[in-house]
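Participant: Below is the structure I would like to discuss, written out as structure tokens.
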Amino acid sequence: MVNLILFGPPGSGKGTQSANIIDKYGLIHLSTGDLLRSEIGNKTPLGMEAQKFMDQGLLVPDEVVIGMISSKLDSNPDARGFIFDGFPRTTAQAEALDKLLALKKTAISVVLSLEVPEEELVKRLLNRGLTSNRSDDANEDVVRARIVEYHNKTAPVADHYAKFGKFKKVKGEGTVEEIFGLLSNELDTLVGQPA
Ligand code: ADP
Numbered sequence: 194m195v196n197l198i199l200f201g202p203p204g205s206g207k208g209t210q211s212a213n214i215i216d217k218y219g220l221i222h223l224s225t226g227d228l229l230r231s232e233i234g235n236k237t238p239l240g241m242e243a244q245k246f247m248d249q250g251l252l253v254p255d256e257v258v259i260g261m262i263s264s265k266l267d268s269n270p271d272a273r274g275f276i277f278d279g280f281p282r283t284t285a286q287a288e289a290l291d292k293l294l295a296l297k298k299t300a301i302s303v304v305l306s307l308e309v310p311e312e313e314l315v316k317r318l319l320n321r322g323l324t325s326n327r328s329d330d331a332n333e334d335v336v337r338a339r340i341v342e343y344h345n346k347t348a349p350v351a352d353h354y355a356k357f358g359k360f361k362k363v364k365g366e367g368t369v370e371e372i373f374g375l376l377s378n379e380l381d382t383l384v385g386q387p388a
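Here you go:
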């Protein structure tokens, strides 16, 4: 199996590039942001609880997102591999993910980190807020709170994987195609073309 973490701050392009990667390499996309928004849309108890945090730009508690990922891994037993987008976002989540994958006799293959300067992130997110239905993109205070959460809680996840030699930075500025080209360079040898 090939298991990829697409890493980077809010607005770095993880969702956009995930779509390209799934198409090319046939991996299953697990986005905790999308999963949480779907729970909110369905007004489930989990969704109602998560929304309180998301509206403030804060991370949802670890046990909530770890439980969601665990059940998604179980419901895709024949996957060729997974692309994790927006997860893990804390060191505790990274440790939990490593354990879940070890139970399945697999592991994270590589972490690709999209590098984008902070002012560009804020610009992209506020711009997305104009057209998407995401209230967490429409308010500059919430956008900045998410970036603060990223620095405090998510950036350390990079060190966790760097220790194992699995962390690679990729330039996240340029056209979508250019950035996908850089990601593909890293993935071609690792994943190979889909069967
Ligand atoms: P972005 O990367 O643009 O912030 P996401 O869709 O990945 O967007 O996440 C939106 C919000 O969902 C986050 O601000 C956070 O509140 C919550 N969230 C998503 N993934 C996680 C996670 N792994 N752990 C905790 N909270 C999460």
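If you want the numbering used here, it's the 1-based position in the sequence shown plus 193.
The beta carbon of each residue, even a glycine, is placed where N, CA and C say it ideally should be.
Owing to the predicted nature of the structure, the values given are computational and were not obtained by experimental measurement.
Considering only C-alpha positions, which residue in the set S224, D334 and S328 is nearest to L199?
Facilitator: The shortest C-alpha separation from L199 is found at S224.
Participant: Mind checking whether G206 and G322 have CB atoms under 8 Å apart?
Facilitator: With contacts defined as CB atoms closer than 8 Å, G206 and G322 fail to qualify as a contacting pair.
Participant: Consider the C-beta atom of Q210 and the heavy atoms of ligand 1; say whether any pair is separated by less than 7 Å.
Facilitator: No, ligand 1 has no heavy atom inside 7 Å of this Cβ.
Participant: Would E311 and I340 qualify as a contact pair, given that the criterion is a beta-carbon distance under 8 Å?
Facilitator: yes
Participant: Is Q244 a contact residue of ligand 1, with contact defined as CB to any heavy atom under 7 Å?
Facilitator: no
Participant: Less than 7 Å separating the Cβ of D329 from some heavy atom of ligand 1?
Facilitator: yes
Participant: Short check: CB of V303 to CB of F280, under 8 Å?
Facilitator: no
Participant: Just to confirm, is the Cβ distance from L314 to P203 under 8 Å?
Facilitator: yes
Participant: Would you report the Cα separation of E288 and S328, rounded to the nearest angstrom?
Facilitator: Roughly 30 Å separates the two Cα atoms.
Participant: For the alpha helix (DSSP H) containing F246, name the first residue and the last one.
Facilitator: P238 to M247
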